[in-house]
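Notes for the one structure printed next.
Residue numbers (our numbering): 3 to 206.
Following this line, the structure appears as structure tokens:
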């Protein structure tokens, strides 16, 4: 929900970082992989109880993830493979953090498994509905290489949820339930939107 507005304003503040990438000859795909590496390190930090370190690593990872596309567009390096790599690494980053949380809070194993289950449904719905929307020109495009249907639980919301898990450990029982509820709502909302737009008797 907050990803699109954030994506529009991010280029205004990341020019020094983009210059750094270009100065050292870093490619967009390298930035994407570095973002995943930092997310993996954040997961390890979570697992050993270094919550603040994990928080810094996680948001550093998301900063890199938010700027790989900017670099690609500025240097004319946008590619279908880059778009593919970006979404795969994003989902790997979101998922690997769950393993860190599961290690830190094993008593909530069922909730972590539930989150992973709904991540699968969320990304499947986003990709499939987004592809159909693009093919049918049902909604305006954006600057992403692969179109994702909008939803309540996207990358920004995921980062906020993880930050809440890390910053408020005493509330982990409540915040995990809230996040699962958001994921369920996102899946249900996309399914409802898909039925509304794509049912056989629907006419523009």
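Built from N, CA and C at the ideal position, the CB exists for glycine as well.
Remember, it's a predicted structure, so these values are computed and weren't measured experimentally.
Report the CB separation of residue i from residue j in whole angstroms; it is logged as a contact under 8 Å.
i: residue 56; j: residue 169; result: With a Cβ gap of about 10 Å, residue 56 and residue 169 do not count as contacting.
i: residue 124; j: residue 155; result: 6 Å
i: residue 60; j: residue 161; result: 7 Å
i: residue 77; j: residue 24; result: 7 Å
i: residue 134; j: residue 200; result: 6 Å
Are the beta-carbon atoms of residue i and residue j separated by less than 7 Å?
i: residue 40; j: residue 62; result: yes
i: residue 91; j: residue 131; result: no
i: residue 114; j: residue 104; result: yes
i: residue 93; j: residue 66; result: no
For residue i, which residues of its own chain have a beta-carbon under 7 Å away from its beta-carbon, when the five flanking residues on both sides are left out?
i: residue 74; result: 30, 80, 84
i: residue 101; result: 45
i: residue 98; result: 41, 42, 45
i: residue 96; result: 121, 160
i: residue 190; result: none
i: residue 19; result: 69
With 16 as the cutoff for other CB atoms within 10 Å, does residue i come out buried or exposed?
i: residue 184; result: buried
i: residue 54; result: exposed
i: residue 48; result: buried
i: residue 72; result: buried
i: residue 179; result: exposed
i: residue 14; result: exposed
i: residue 157; result: buried
i: residue 64; result: buried
i: residue 192; result: buried
i: residue 188; result: buried
i: residue 106; result: buried
i: residue 198; result: exposed
i: residue 177; result: buried
Any heavy atom of the ligand SAM inside 6 Å of the beta-carbon of residue i?
i: residue 176; result: Ligands are entirely absent from the displayed structure, and the ligand SAM is therefore not among its contents.
Output needed for residue i: all residues of its chain with C-beta closer than 6 Å, excluding positions within five of it in sequence on either side, in chain order.
i: residue 163; result: 181
i: residue 34; result: 70, 87, 88, 91
i: residue 116; result: 182
Considering only residues of the same chain and omitting the five flanking positions on each side of residue i, which have a CB-CB separation below 8 Å?
i: residue 12; result: 68, 69, 72
i: residue 27; result: none
Are the C-beta atoms of residue i and some chain D residue less than 7 Å apart?
i: residue 110; result: This model lacks chain D altogether; it includes just one protein chain.
### Inside the stretch 20 to 96 only - alpha helix (DSSP H) runs reaching at least 4 residues
30 to 49, 53 to 76
### Message
Which complete beta strand (DSSP E) runs does the stretch 164 to 204 hold, if anything under 3 residues is left out?
### Response
Qualifying beta strand (DSSP E) stretches: none in this window.
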